[in-house]
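Participant: First, the structure itself, so that you have it in front of you.
Below you can see the structure in the form of structure tokens.
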């Protein structure tokens with residue numbers, strides 16, 4: 043993955059989408075840190091692996107620690123339009139404190 047990211051950067055890509063989770067559903071911070079560092083100065087988006095994270099608020103905090111720019115999420119539901127998804131997305135936006143942009147995707 044790191045080699046691919048460096049190749050995309052060399053090709054002039056503006057950003058990459060990554061997402062590594064541990065078996066317990068937490069964000070694999072060492073793996074993601076390596077990928078974020080390889081990607082810089084490109085933009086980094088954490089993909090919808092976020093939607094199967096064990097604890098979405100802790101996953102958000104991990105993304106903030108890692109310097110991820112964006113999180114793509116359906117609010118941990120089949121569709122981001124689901125009322126439960128909307129509530130979670132609102133909470134993620136609030137908890138992100140402007141440090142990570144939350145992008146609604148999936149069933150939109």
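Residue numbers (my numbering): 43 to 150.
Note that the Cβ used here is the ideal one computed from N, Cα and C, for glycine as well.
Model, not experiment: these values are computed from the prediction.
1) Name the DSSP beta bridge partners of residue 143, please?
2) Measure the C-alpha to C-alpha separation of residue 128 and residue 114 and round it to an integer number of angstroms.
3) Select from 105, 141, 130, 118 the residue whose C-alpha is nearest the C-alpha of residue 62.
4) Start and end of the alpha helix (DSSP H) containing residue 78?
5) Tell me the rounded alpha-carbon separation between residue 117 and residue 60.
Facilitator: Let me spell this out:
1) Bridge partners of residue 143: 112.
2) Between residue 128 and residue 114, the alpha-carbon positions lie close to 13 angstroms from each other.
3) If we check each option's Cα against that of residue 62, 105 comes out closest.
4) Note, residue 78: alpha helix (DSSP H), 71-81.
5) Going from the Cα of residue 117 to the Cα of residue 60 covers about 17 angstroms.
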